[in-house]
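Undergrad:
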Amino acid sequence: MDSSRRKYKPVYAVLILDLLIYTIFAVSSHHYERLTGDSTLYLSIAEKYVRGDFSNAVNGYWGPLLSWLLVPFLYLGASHVFTINAVNLIFGWLALIGVWKLSGKFRMDDKARGIILLPMVPILLFFSLIEPMDFLLLCVLIFYLNAVASEDYPDRLSNAVFSGTLGAYAYFAKPYGFPFFISHFLLINAYHYFRVSSEKGKKSVLKNAIAGLVVFSLLSGVWISLISIKYNKLTFSNMGRGVFASLGPGSTHNTLEKGDPIFFEGFFEPPNETAFVIYEDPSYARKKTWNPLESRRSFKHFLSNFTENIFEGLRIYDSFSRLSIAIVIIYILLVFSRPFKELLSRGELLWPLLTVILYTGGYTPFHFEARYLWIVNILLLLMGGKALHELFQTGFFKNRTTANILTVFFIVSFIVTPVKSFLDISNDNINKGMHVLGAELGRRYDIRGNIASNREKVEMSSHDAWHRTFRLAYWLNSRYFGQARENVSDEELKSELLKYKIDYYFFWGDPKGAPQFLSHYRELTRGEMPGLAIYSLNDKIKEAGRVISFHERGKPVPVV
Numbered sequence: 112m113d114s115s116r117r118k119y120k121p122v123y124a125v126l127i128l129d130l131l132i133y134t135i136f137a138v139s140s141h142h143y144e145r146l147t148g149d150s151t152l153y154l155s156i157a158e159k160y161v162r163g164d165f166s167n168a169v170n171g172y173w174g175p176l177l178s179w180l181l182v183p184f185l186y187l188g189a190s191h192v193f194t195i196n197a198v199n200l201i202f203g204w205l206a207l208i209g210v211w212k213l214s215g216k217f218r219m220d221d222k223a224r225g226i227i228l229l230p231m232v233p234i235l236l237f238f239s240l241i242e243p244m245d246f247l248l249l250c251v252l253i254f255y256l257n258a259v260a261s262e263d264y265p266d267r268l269s270n271a272v273f274s275g276t277l278g279a280y281a282y283f284a285k286p287y288g289f290p291f292f293i294s295h296f297l298l299i300n301a302y303h304y305f306r307v308s309s310e311k312g313k314k315s316v317l318k319n320a321i322a323g324l325v326v327f328s329l330l331s332g333v334w335i336s337l338i339s340i341k342y343n344k345l346t347f348s349n350m351g352r353g354v355f356a357s358l359g360p361g362s363t364h365n366t367l368e369k370g371d372p373i374f375f376e377g378f379f380e381p382p383n384e385t386a387f388v389i390y391e392d393p394s395y396a397r398k399k400t401w402n403p404l405e406s407r408r409s410f411k412h413f414l415s416n417f418t419e420n421i422f423e424g425l426r427i428y429d430s431f432s433r434l435s436i437a438i439v440i441i442y443i444l445l446v447f448s449r450p451f452k453e454l455l456s457r458g459e460l461l462w463p464l465l466t467v468i469l470y471t472g473g474y475t476p477f478h479f480e481a482r483y484l485w486i487v488n489i490l491l492l493l494m495g496g497k498a499l500h501e502l503f504q505t506g507f508f509k510n511r512t513t514a515n516i517l518t519v520f521f522i523v524s525f526i527v528t529p530v531k532s533f534l535d536i537s538n539d540n541i542n543k544g545m546h547v548l549g550a551e552l553g554r555r556y557d558i559r560g561n562i563a564s565n566r567e568k569v570e571m572s573s574h575d576a577w578h579r580t581f582r583l584a585y586w587l588n589s590r591y592f593g594q595a596r597e598n599v600s601d602e603e604l605k606s607e608l609l610k611y612k613i614d615y616y617f618f619w620g621d622p623k624g625a626p627q628f629l630s631h632y633r634e635l636t637r638g639e640m641p642g643l644a645i646y647s648l649n650d651k652i653k654e655a656g657r658v659i660s661f662h663e664r665g666k667p668v669p670v671v
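Quick note: the sequence shown uses the numbering used here, first residue 112, plus one each step.
The following block contains the structure:
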């Protein structure tokens, strides 16, 4: 027993050190950067639960699990910044422990498992700065894979129950979890069924498959019933339909607008009286649906998107690590270099590869973002660790110097993107900038009411007027109706502002480009905030030119 403890002590030390380092960095830095745009949506929904506004809290677009996790913090009076940082800290702990446990399913030695843990801290710190619902989904999927990929899966009914429960949690975290769990759970059960040779073992697999699906159906069925009743149709989510509608012929995807009419078809009233923006539930947004089979042009457009997404997926793989494609190729070679019967007994080769292909393929008809594939990032890291373990058994890599060089290259390849992105976010972050600006606007001008803005089309790397103003609306306890329609005339804009009872119009960019009729309304900032003019549409000035002269300039407030 003592020798066993000595053997495992260094590896456990790496895990403990990872937990400690992640905690220090997560607690001590980037508090406001984690208040992302989607975080404000989940916070707003969670606040509905706290207030007892359950009818509006039920949402067919955003998964409910993250909002449910935020509720206890908000109910106890925790601040928004504390709440978001607390859940991200917990997600990081869970992910580290889950990856450590999952690495045990890959039949690699403790040296390889320790190597895998080394890049985890920068990877997870980067994840914590992006979107919490994708971080949450990652944690759930890691523990789901721990259960469903266990070699003793056929022998323990608890594995199936745990898998079904976590499958429902994956769906509650993000709607994509619903189709993924069903397809993946059936696929892995088929793998277990053919892997075991005894009739008793096959019956156990069938029993587990049924049990897991029953548990999943019972849990997810409650939420499906609630949203189906709310929207008067049977649905497990409105997200896929809405996203696919934005990808139709003629749409462009090289900006943050991603072809979504919410960004270019004018104003959209928030979906309910307690919502602050239409994106809190885009189910109610007007979107033109399309079908790839409706015409030859539509089908060609679909094939073009599909092909483009395949290459985009490969690019995302490459961003995770320069070795990602090589790791996949090595796994494919290892799979096909073994007899079929032997392959089924080497599950650490088969199920990760199937999971990567299935998970990535599910997004191919839609569009990719790197955060959608975070579980693939983790699996590629684990698969790479397994590849290292195999290589270290060969004569060439038994040389310590050669093995160390390969190890360093492997670790560095997985941390380049997280470290670079972490530093970029530190230097220029819209989330922190808009939180600070929102507090300043509230203090100076007491802005609260209905807000709209001009349309500012920018490149993908920049944040446009919509993405800045909707963040401000949340921190100003206001309602954002979106941005003006493309090529709208001054008369049409004036009519739209009146129709939606807009109180404040935010004009981003050079104020000389503002519509002429706005000169008859009080401009609040008086030029003190370069790049932003705010017109109070309830304060029509009597003397033209008195307010719009931008005199008495104060100290400028940076606008991100």
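We put the beta carbon where it would ideally sit given N, CA and C, even for glycine. If you're wondering where the values come from, they're calculated on a predicted model, not measured in any experiment.
Using the DSSP secondary-structure output, state which residues sit across from residue 646 in a beta bridge.
TA: For residue 646, which the question treats as bridged, DSSP gives the partners 616, 634.
Undergrad: Can you check whether the CB of residue 564 is closer than 8 Å to the CB of residue 485?
TA: Contact flag unset, no.
Undergrad: Within its chain, find whatever has a CB closer than 8 Å to the CB of residue 700; leave out the 5 residues flanking it on each side and keep chain order.
TA: Past the edges of the chain, shown from 112 to 671, lies residue 700, and the structure says nothing about it.
Undergrad: Judging by CA-CA distance, which residue of 158, 349, 236 is the nearest neighbour of residue 534?
TA: The shortest Cα separation from residue 534 among 158, 349, 236 belongs to 236.
Undergrad: One question on the structure: do residue 499 and residue 463 come within less than 8 Å of each other, judged by their Cβ atoms?
TA: In this structure, residue 463 does not lie closer than 8 Å to residue 499 by Cβ.
Undergrad: Apply the 10 Å Cβ neighbour rule to residue 315 and answer buried if 16 or more other Cβ atoms are within range, or exposed otherwise.
TA: Flag for residue 315 reads buried.
Undergrad: Can you find a heavy atom of the ligand NAD that lies under 7 Å from the Cβ of residue 191?
TA: This structure lacks the ligand NAD; in fact it carries no ligand of any kind.
Undergrad: Going by Cα to Cα distance, which pick from 193, 630, 230 is closest to residue 431?
TA: Selected option, being the one with the closest Cα: 230.
Undergrad: Taking the CB atoms as reference points, tell me whether residue 461 and residue 287 lie closer together than 8 Å.
TA: For residue 461 and residue 287, no; Cβs fall outside 8 Å.
Undergrad: List in chain order: all unbroken alpha helix (DSSP H) runs of 4+ residues lying wholly within the stretch 259-314.
TA: For the stretch 259-314, whole alpha helix (DSSP H) runs of length 4 or above, ordered along the chain, are 268-284, 288-306.
Undergrad: May I have the straight-line CA-CA distance separating residue 621 from residue 380, to the nearest angstrom?
TA: Spanning the two alpha carbons is a distance of roughly 27 Å.
Undergrad: Say whether the stretch 130-144 touches the stretch 542-551, bearing in mind that this needs 3 or more beta-carbon pairs closer than 8 Å, one atom from each stretch.
TA: Output reads yes: the stretch 542-551 touches the stretch 130-144.
Undergrad: Where in the stretch 185-225 do unbroken runs of the alpha helix (DSSP H), each at least 4 residues long, occur, reported from the N-terminal end onward?
TA: Runs of the alpha helix (DSSP H) inside the stretch 185-225: 191-214.
Undergrad: Specify, as a first and last residue, the run of the alpha helix (DSSP H) that residue 420 falls within.
TA: Residues 407-431.
Undergrad: Do residue 289 and residue 331 count as a contact pair if the criterion is CB distance below 8 Å?
TA: Yes, Cβ-Cβ distance for residue 331 and residue 289 is below 8 Å.
Undergrad: Using the C-alpha atoms, what's the distance from residue 599 back to residue 647?
TA: Spanning the two alpha carbons is a distance of roughly 20 Å.
Undergrad: Does the structure place the stretch 174-181 close enough to the stretch 419-427 that three or more beta carbon pairs sit under 8 Å?
TA: Verdict: no, contact absent.
Undergrad: Nearest-angstrom Cα distance between residue 154 and residue 526?
TA: When rounded, the distance between both Cα atoms is 30 Å.
Undergrad: Please report how far the alpha carbon of residue 249 lies from the alpha carbon of residue 137, in whole angstroms.
TA: Going from the Cα of residue 249 to the Cα of residue 137 covers about 18 Å.
Undergrad: So, at 7 Å on beta carbons, what are the nonlocal neighbours of residue 159 in its own chain, with the 5 sequence-adjacent residues on each side left out?
TA: Cβ within range, chain order: 167, 168, 385.
Undergrad: If contacts are defined as beta-carbon pairs under 8 Å, then residue 562 and residue 614 qualify, I think. What distance do you get, rounded to the angstrom?
TA: That belief holds up - the Cβ atoms of residue 562 and residue 614 are roughly 7 Å apart, short of 8 Å.
Undergrad: Can you tell me which of 277, 126, 311 puts its alpha carbon nearest to the alpha carbon of residue 232?
TA: Here the closest residue by C-alpha is 126.
Undergrad: From residue 603 to residue 640, what does the alpha carbon distance come to, in whole angstroms?
TA: Rounded to whole angstroms, residue 603 to residue 640 spans 27 Å at the Cα level.
Undergrad: Can you give the Cα-Cα distance for residue 133 and residue 501, rounded to whole angstroms?
TA: Roughly 29 Å separates the two Cα atoms.
Undergrad: Quick one: what does DSSP say residue 238 is sitting in, helix, strand or coil?
TA: In this structure, residue 238 counts as helix in the three-state DSSP scheme.
Undergrad: On a Cα-Cα basis, can you pick out the residue from 468, 297, 543 that is closest to residue 275?
TA: If we check each option's Cα against that of residue 275, 297 comes out closest.
Undergrad: What is the DSSP secondary structure of residue 664, reduced to helix, strand or coil?
TA: Confidence at residue 664 is low in this model, with a pLDDT of 34, below 50, so its placement is unreliable and the value that follows should be read with caution. Residue 664 falls in the coil class under three-state DSSP.
Undergrad: Excluding the 5 residues flanking residue 656 on each side, which residues of the same chain have their C-beta closer than 8 Å to its C-beta?
TA: At residue 656, the pLDDT of 46 sits below 50, so the modelled position is not reliable; the number obtained from the coordinates is stated separately. So the qualifying residues of the chain are 630.
Undergrad: Could you round the C-beta distance between residue 87 and residue 324 to whole angstroms and report it? I think they count as a contact, below 8 Å.
TA: Shown here, the chain extends from 112 to 671; a query on residue 87 therefore has no answer.
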